[in-house]
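The structure under discussion appears below in the form of structure tokens.
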């Protein structure tokens with residue numbers, strides 16, 4: 001099926017410092033390494049999807065990003081676009097008065113395998129009318145450019161919910177997925193209730209008192225009237241999912257743990273984004289829009305591969321070399 005996958009969220013330029021331990025307040029500490037790269041949940045997911053698409057001769061969905069970016073011709077925008085050669089930027093909103101992209105500073109502690117992130121975003125956020133005008137343009141597009149899937153990061157839930165409602169009204173048949181990631185962010189529950197596919201983070205689930213991914217999904221499914229697939233990642237324990245076909249109200253429960261016997265955490269940044277890419281890829285290939293055990297296994301192993309390497313470079317190829325990626329295993 002031809003069409004477009006549109007990912008809506010923020011795009012960052014990341015500076016990652018690896019340190020032996022997280023510094024105490026007012027402590028001076030020398031970093032062991034420094035890495036600068038493009039980041040952001042949706043761009044990360046698209047980066048992995050473009051690798052999956054490249055390895056799949058049957059893939060014919062165009063990948064597009066919808067994000068606020070600085071001026072079209074500034075160095076930061078060029079850096080971002082060059083980092084995603086297989087992604088289209090036609091539907092990004094440029095703030096022509098700004099030369100700086102949103103920035104993220106990440107401190108990775110080797111002692112605890114944790115990361116601490118400080119963000120700065122001087123760009124004005126996307127507002128609903130901008131998104132509406134863009135969707136109106138897509139409505140007039142040919143079938144090869146029709147919006148098949150729209151994924152929302154869930155940064156500003158009230159705006160994202162307006163956008164979801166407008167897609168439901170205007171582009172009937174588009175699959176909508178959302179991330180429920182940041183604990184305490186108001187409006188995420190209402191956003192989740194409007195989505196077809198929901199990705200819950202471990203940190204969000206724990207903040208709500210859930211002690212397992214399964215407990216989270218079994219409870220949240222009661223508040224998900226239109227959802228067909230719910231996923232929740234749980235670190236080293238893998239992930240849990242609930243899925244159902246459009247002709248059934250009954251949920252099928254799936255559980256997956258990493259396929260590799262031992263995992264050395266190198267860089268956990270973007271692990272969840274990688275998992276999301278694996279699920280979106282599997283569901284786009286599914287003939288009945290249902291997630292199967294092998295699909296969840298694949299997404300977990302893809303995320304496990306990401307956590308064992310810096311950056312997203314060749315993450316799909318590295319998984320294939322480990323004989324875990326088998327295209328024939330998909331539904």
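Numbering (UniProt numbering), first residue to last: 1 to 331. Even glycine gets a Cβ: it sits at the ideal position worked out from N, Cα and C.
Could you name the residues of the same chain whose beta carbon sits closer than 6 Å to that of residue 69, not counting the 5 residues immediately before and after it, in chain order? Taking the chain shown and counting its residues from 1, one reaches residue 69 at position 69. So the list reads 77, 92 and 94, once near-sequence residues are dropped.
Cβ of residue 50 within 8 Å of Cβ of residue 63? Residue numbering aside, residue 50 sits at position 50 when the chain shown is read from its first letter. Residue numbering aside, residue 63 sits at position 63 when the chain shown is read from its first letter. For residue 50 and residue 63, yes; Cβs fall inside 8 Å.
Could you check where the beta strand (DSSP E) with residue 114 kicks off and where it finishes? To locate residue 114, count along the chain shown from 1; it is residue 114. Taken as a continuous stretch (DSSP letters only), the beta strand (DSSP E) holding residue 114 covers 114–120.
In whole angstroms, give me the CA-to-CA distance for residue 140 and residue 149. Numbered from its first residue, the chain shown carries residue 140 at position 140. Numbered from its first residue, the chain shown carries residue 149 at position 149. Spanning the two alpha carbons is a distance of roughly 16 Å.
Taking the straight line between their C-alpha atoms, what separation do you get for residue 40 and residue 179? Position 40 of the chain shown, counted from the start, is the residue given in the question as residue 40. Position 179 of the chain shown, counted from the start, is the residue given in the question as residue 179. Residue 40 and residue 179: Cα-Cα distance of roughly 13 Å.
Within 10 Å of its beta-carbon, does residue 137 have 16 or more other beta-carbons around it, so buried, or fewer, so exposed? Within the chain shown, numbered from 1, the residue matching residue 137 stands at position 137. Looking at its Cβ environment, which holds fewer than 16 other Cβ atoms inside 10 Å, residue 137 is exposed.
Decide if the stretch 17–29 is in contact with the stretch 121–128; the criterion is three or more beta carbon pairs, one per stretch, under 8 Å apart. With a cut-off of 8 Å on Cβ pairs, the stretch 17–29 is not in contact with the stretch 121–128, counting fewer than three such pairs.
Counting C-beta neighbours from all protein chains within 10 Å, is the total for residue 169 16 or more, i.e. buried, or is it exposed? Taking the chain shown and counting its residues from 1, the one referred to as residue 169 is at position 169. Label assigned to residue 169: exposed.
Which of helix, strand or coil does DSSP assign to residue 97? Taking the chain shown and counting its residues from 1, one reaches residue 97 at position 97. Looking at residue 97 - three-state DSSP - the assignment turns out to be coil, as it is neither helix nor strand.
From this set, 14, 45 and 235, which residue's C-alpha is nearest residue 153's C-alpha? Translated into positions along the chain shown, residue 153 becomes position 153. With distances taken between Cα atoms, residue 153 lies closest to 45.
Neighbourhood of residue 337 by C-beta distance below 6 Å, restricted to the same chain and skipping five residues each side: For residue 337 there is no data in the structure shown, the boundaries of the chain being 1 and 331.
Enumerate in chain order the residues of its own chain whose CB-to-CB distance from residue 311 is below 8 Å, with the five nearest sequence positions on each side excluded. Taking the chain shown and counting its residues from 1, the one referred to as residue 311 is at position 311. Correct list, in chain order: 35, 37 and 267.
Would you kindly check if the distance between the Cβ of residue 300 and the Cβ of residue 275 is under 8 Å? Taking the first residue of the chain shown as 1, we reach residue 275 at position 275. Taking the first residue of the chain shown as 1, we reach residue 300 at position 300. Yes.
In the DSSP assignment, find the beta strand (DSSP E) that holds residue 177 and state where it starts and stops. Mapped onto the chain shown, residue 177 falls at position 177. Per DSSP, residue 177 is one residue of the beta strand (DSSP E) stretching across 175–180.
Report, in whole angstroms, the separation of the C-beta atoms of residue 218 and residue 201, which I expect to be a contact under 8 Å. Working through the chain shown from its first residue, we reach residue 218 at position 218. Working through the chain shown from its first residue, we reach residue 201 at position 201. About 17 Å; that fails the 8 Å criterion.
Alpha carbon to alpha carbon, how far is residue 245 from residue 290? Give it in angstroms, no decimals. Reading the chain shown from its first residue, position 290 is the one you call residue 290. Reading the chain shown from its first residue, position 245 is the one you call residue 245. Distance between the alpha carbons of residue 290 and residue 245 is about 6 Å.
Using the Cα positions of residue 206 and residue 120, report the straight-line distance between them to the nearest angstrom. Within the chain shown, numbered from 1, the residue matching residue 206 stands at position 206. Within the chain shown, numbered from 1, the residue matching residue 120 stands at position 120. In a straight line, the C-alpha of residue 206 is about 26 Å away from that of residue 120.
Apart from the five residues just before and just after residue 31, which ones in its own chain have a Cβ nearer than 7 Å to its Cβ? As a first step, residue 31 is located in the chain shown; it is residue number 31 there, counting from the start. Counting only Cβ-Cβ distances below 7 Å, and skipping sequence neighbours, we find 17, 18 and 19.
For residue 58 and residue 5, I'd like the C-alpha separation in whole angstroms. As a working mapping, residue 58 is identified with position 58 in the chain shown. As a working mapping, residue 5 is identified with position 5 in the chain shown. One alpha carbon belongs to residue 58, the other to residue 5, and they sit about 15 Å apart.
Report yes if the CB atom of residue 215 is closer than 8 Å to the CB atom of residue 237, and no otherwise. In the chain shown, residue 215 corresponds to position 215, counting from 1. In the chain shown, residue 237 corresponds to position 237, counting from 1. Taking a C-beta distance under 8 Å as the contact criterion, residue 215 and residue 237 do not qualify as a contact pair.
Within a Cβ cutoff of 6 Å, which residues of the same chain sit near residue 175, ignoring the five residues on either side of it in sequence? Your numbering for residue 175 matches position 175 in the chain shown. So the qualifying residues of the chain are 149 and 196.
Ignoring anything shorter than 4 residues, give me the alpha helix (DSSP H) runs that lie fully in the stretch 45–72, in order along the chain. As far as the stretch 45–72 is concerned, it has no whole alpha helix (DSSP H) run of at least 4 residues.
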